[in-house]
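Shown next, in structure tokens, is the structure this report addresses.
2 protein chains.
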Amino acid sequence: MIVKTQHAKFDRALKLQSGAVLEPPITLAYETYGTLNADRSNAILILHALSGDAHVAGRHGPDDKKPGWWDEAVGPGRAFDTDRYFFICSNIIGGCQGSTGPSSLNPKTGNPYGLTFPVLTIADMVEAQRLLLDHLGIETLLSLVGGSMGGMQVLQWTISYPKSVRSAIVLAATAQVSPQSIAFNEVARQAIYADPKWKRGDYSDGEAPNDGLSVARMIGHITYLSDTSMREKFGRRLQERQKYGFDFATEFAVESYLKHQGDHFTRRFDANSFLYITKAIDYFDLSLGRASLAEAFRDVTARFLVVSYSSDWLYPPEQSEELVRALLQNGIDVTYVEIRSDYGHDGFLLEVDRLSGLSRDFLARVAAAKPL
Amino acid sequence: MIVKTQHAKFDRALKLQSGAVLEPPITLAYETYGTLNADRSNAILILHALSGDAHVAGRHGPDDKKPGWWDEAVGPGRAFDTDRYFFICSNIIGGCQGSTGPSSLNPKTGNPYGLTFPVLTIADMVEAQRLLLDHLGIETLLSLVGGSMGGMQVLQWTISYPKSVRSAIVLAATAQVSPQSIAFNEVARQAIYADPKWKRGDYSDGEAPNDGLSVARMIGHITYLSDTSMREKFGRRLQERQKYGFDFATEFAVESYLKHQGDHFTRRFDANSFLYITKAIDYFDLSLGRASLAEAFRDVTARFLVVSYSSDWLYPPEQSEELVRALLQNGIDVTYVEIRSDYGHDGFLLEVDRLSGLSRDFLARVAAAKPL
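Read top to bottom, the protein sequences are chains A and Z.
When the count follows our numbering, it moves up by one through the first sequence with no breaks and lands on 372 for the last residue.
When the count follows our numbering, it moves up by one through the second sequence with no breaks and lands on 1372 for the last residue.
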């Protein structure tokens, strides 16, 4: 499956949740998979997590070495079947993979935004995606699917546009980010702030704060794995050594893995984007300004498939259960499954086989039902 | 209770587990509480955790504002009763609170050691403490007590000097540090390495790498609390703000707490010591070079009180259970209690009331038993 990244450019300002305005032009990088049917009723929006991008599946060309980030799940005959549905995925605003973000040029100054980029929320990401769907002529979504921060966007979509969403698949997410998650994000941000190359975000004409960003990413990766998966994957095994070196070289396999992940991340990600995206996550709290979480879903008519992963301690199953209770209190049709998995938070990306049966049946049921 | 920190200076080299030698002079800062009885049979060694020091209880003078780090637990009539027992606590070697460590002067060069200080292990810390006990004329310990890394030292003592230890109290510890714990320590170290002020440890004539050390400490603090205690203590409450500021200031209460802990730590702790101590923790694995963990305790005759804390996810109860199984396989007299607590790893410092009854009875039973 060969896909091309496309870019939609919008010449109108985006009013943000903060009250600030993101000035045009606003660009969204996106990809589509499959074919939109005649009555435009088979569109499914895929929402990516913190470090994801528009490139979900397939390859950009015959020589492309690596497929998209969820290629196992999206394609012909796969869990998200491109023979039956039309999938769209866009890089979030605030990102750094083709959509407008802090590394984009500020139209007022002609220089990269840096920290002059406005702070965004998950709801703002959804507003930008709404522009894209209007651009594509899609009024109603058959479904939305996303894990982690992608799941937060799914939830926000059902609330922001209740009449446009027929169903929602929420994986390894939460309706209210916990103080422990905020703590990890804040420490990761502090690692970037502490890097003198960060220069309060104004590093575009010098070296990027890669040391800080690498540490930030390493912190994140610990929270994506589970204690069990770390034992199975690494244990106390040494990397390239037979015995303790009694020095400060990277020597345990788990250290080597994290260091590699951290370094690799700096080659594809912008430190300021990391700050903006984690801040948007921390702000995510659907109960904010409402009497209860349940109240947030008062106008929602979508059917839900909510999936948690037993060893996920970043957004653990109890947080999905709170979400499910809030949905049930509104009489919403919800299927909830806790998948037994040792993969931790990464389970939402890796446990594709377990998810396939669930999502396939769920989507078939939604597609067969009377439209909204 | 007024106590003075004392310093014992040793003029002999210490052979280390790595094969390296720590050259004299070697200084150990220590404090004692209570009175050693005539037959020297009531001595109990207290072992401190990563950031602790010799000052366990009481005050250094009438104007001293803050008592020692475990004042609630150690004193006349307290869980560790200074009216009955003689307590000793020394700052570990490798530390920075009066004992020889990387910030001490290298006798060969006259300059601070920095990274020329040899990498230490928990067993090396125990050897240094053995020198101190010899200096104090104490052959046999009625007991040892320590939490977290202090508990690791307790375990190592029972193995290194089985004939000198009548009992051991191990709190919130592990016999084998998990890859997840190594991961957190390594990321904390990376935050220090990434600070340009660290200069590969050679910062004694300039500014200290406090930004890196602060991030390292913040990471640690997340692992000392539990998800539940964070919810109860902070929730999603904002600090000094009524609503989201949409900027990158410290705004959630949990962020403010961590930032404060990080900054405060830099005023009392040395970054190189942090590196050496966390490395010693990572190396701790009593099964290393043995057929099983049980084999490590083959010659041990001490009675054990092992305590874990239900919400401790740094060294969780299952790791204490593994330890208890290994002890039982050797027919060792062991009492194991998992204290129900929401405090996470910090429970070992905070749940003093719950511990008191257990430790008091345990010590009375050991004191009444026939000596080794």
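Even glycine gets a Cβ: it sits at the ideal position worked out from N, Cα and C.
Residues near residue i by beta carbon distance below 8 Å, same chain, minus five either side
i                  : result
Ser1359 of chain Z : Ala1079, Phe1080, Val1145, Ile1169, Leu1305
Pro112 of chain A  : Pro102, Ser103, Ser104, Leu105, Asn106, Ser204
Straight-line Cα distance separating residue j from residue i
i                  : j                  : result
Tyr1315 of chain Z : Lys1009 of chain Z : 34 Å
Leu286 of chain A  : Asp211 of chain A  : 34 Å
Ala1173 of chain Z : Tyr1336 of chain Z : 12 Å
Lys370 of chain A  : Leu142 of chain A  : 11 Å
Ser311 of chain A  : Gly344 of chain A  : 4 Å
Val324 of chain A  : Glu338 of chain A  : 12 Å
Gly235 of chain A  : Ala1038 of chain Z : 49 Å
Thr278 of chain A  : Met152 of chain A  : 12 Å
Leu225 of chain A  : Trp1313 of chain Z : 14 Å
Ala1188 of chain Z : Ala1368 of chain Z : 45 Å
Ile93 of chain A   : Met125 of chain A  : 6 Å
Asn1042 of chain Z : Ser1167 of chain Z : 12 Å
Glu228 of chain A  : Gln1176 of chain Z : Reading the sequence as shown, one finds Thr at residue 228 of chain A and not Glu. Each residue's Cα considered, the two are about 14 Å apart.
Asp1071 of chain Z : Gly1095 of chain Z : 21 Å
Pro1076 of chain Z : Asp1270 of chain Z : 33 Å
Lys421 of chain A  : Asp282 of chain A  : Any question about residue 421 of chain A goes unanswered here, given that chain A covers just 1 to 372.
Ile182 of chain A  : Ala73 of chain A   : 29 Å
Thr27 of chain A   : Gly1347 of chain Z : 50 Å
Phe265 of chain A  : Gly1137 of chain Z : 56 Å
Thr5 of chain A    : His60 of chain A   : 8 Å
Leu976 of chain Z  : Val1352 of chain Z : As shown, chain Z starts at 1001 and ends at 1372. That puts residue 976 of chain Z outside it, with no answer to give.
Thr1250 of chain Z : Tyr193 of chain A  : 12 Å
Thr1320 of chain Z : Leu1288 of chain Z : The identity of residue 1320 of chain Z in the sequence shown is Ser, whereas the question assumes Thr. Between Ser1320 of chain Z and Leu1288 of chain Z, the C-alpha separation is close to 17 Å.
Ser256 of chain A  : Ser51 of chain A   : 20 Å
Val1154 of chain Z : Tyr1161 of chain Z : 11 Å
Glu318 of chain A  : Thr1109 of chain Z : 57 Å
Leu1131 of chain Z : Gly245 of chain A  : 26 Å
Contact list for residue i against chain A, beta-carbon separation under 9 Å
i                  : result
Ile1093 of chain Z : Near Ile1093 of chain Z there are no residues of chain A at all, since even the closest Cβ is about 15 Å away, more than 9 Å.
Amino acids of chain A, ordered along the chain, whose beta-carbon sits closer than 7 Å to that of residue i
i                  : result
Gly1235 of chain Z : Pro179
Contacts around residue i, its chain only, beta-carbon distance under 7 Å, and the 5 residues preceding and following it disregarded
i                  : result
Ala49 of chain A   : Gly147, Ser148, Met149, Gly150
Ala1294 of chain Z : Ala1326, Gln1329, Asn1330
Val119 of chain A  : Ser18, Tyr276, Lys279
Ser341 of chain A  : Tyr309, Ser310, Ser311, Gly347, Glu351
Phe1274 of chain Z : Ile1192, Leu1213, Ala1216
Asp11 of chain A   : Pro24, Pro25
C-beta atoms of residue i and residue j nearer than 8 Å
i                  : j                  : result
Glu1374 of chain Z : Arg1040 of chain Z : Since the first residue shown for chain Z is 1001 and the last is 1372, residue 1374 of chain Z is missing from the structure and cannot be characterised.
Gln1242 of chain Z : Phe1252 of chain Z : no
Leu1045 of chain Z : Gln1156 of chain Z : no
Val307 of chain A  : Leu355 of chain A  : yes
Ile332 of chain A  : Phe362 of chain A  : no
Gly1019 of chain Z : Asn1272 of chain Z : no
Thr1035 of chain Z : Phe1117 of chain Z : no
Val1056 of chain Z : Glu1031 of chain Z : yes
Ile159 of chain A  : Val300 of chain A  : yes
Ala13 of chain A   : Val21 of chain A   : yes
Lys197 of chain A  : Pro209 of chain A  : yes
Val1165 of chain Z : Ala1302 of chain Z : yes
Tyr223 of chain A  : Phe184 of chain A  : Here residue 223 of chain A is Thr; the residue named in the question, Tyr, does not match the sequence. Result yes, Cβ atoms of Thr223 of chain A and Phe184 of chain A sit closer than 8 Å.
6 Å CB neighbourhood of residue i in its chain, flanking five on each side removed
i                  : result
Leu1258 of chain Z : Met1218, His1221
Asn91 of chain A   : Ala29, Asp53, Ala54, Gln97, Gly98, Ser99
Gly262 of chain A  : Ser214, Arg217, Met218
Asp63 of chain A   : none
Asp1202 of chain Z : Gly1114
Glu1207 of chain Z : Lys1197
His260 of chain A  : none
Neighbour list for residue i in chain A, Cβ cutoff strictly below 8 Å
i                  : result
Val1021 of chain Z : Those do not exist, as Val1021 of chain Z stays about 12 Å from chain A at its closest Cβ, beyond 8 Å.
Asp1282 of chain Z : Phe252
Ala1194 of chain Z : Ala191, Ala194, Asp195, Asp211, Gly212, Ser214, Val215
Asp1285 of chain Z : Arg236
Partner residues on chain Z for residue i, Cβ-Cβ distance less than 7 Å
i                : result
Ser18 of chain A : Phe1246
Chain Z contact residues for residue i, given Cβ-Cβ distances below 8 Å
i                 : result
Val187 of chain A : Val1215, Met1218, Ile1219, Ile1222, Leu1258
Glu255 of chain A : Ile1182, Ala1183, Glu1186
Beta carbons nearer than 8 Å to chain A: which residues of the region 1257-1280 of chain Z have them?
Leu1258, Lys1259, Gly1262, Leu1275, Lys1279
Tell me which residues of the region 210-240 of chain A have at least one Cβ-Cβ distance to chain Z shorter than 7 Å, keeping chain order.
Asp211, Gly212, Val215, Met218, Ile219, Ile222, Asp227, Met230, Arg231, Phe234, Gly235, Arg236
Under 8 Å, CB to CB, which of the residues in the region 1093-1123 of chain Z have a partner in chain A?
Leu1115, Pro1118, Val1119
Looking at chain A, which residues of the region 1145-1162 of chain Z have a Cβ within less than 7 Å of any of its Cβ atoms?
none
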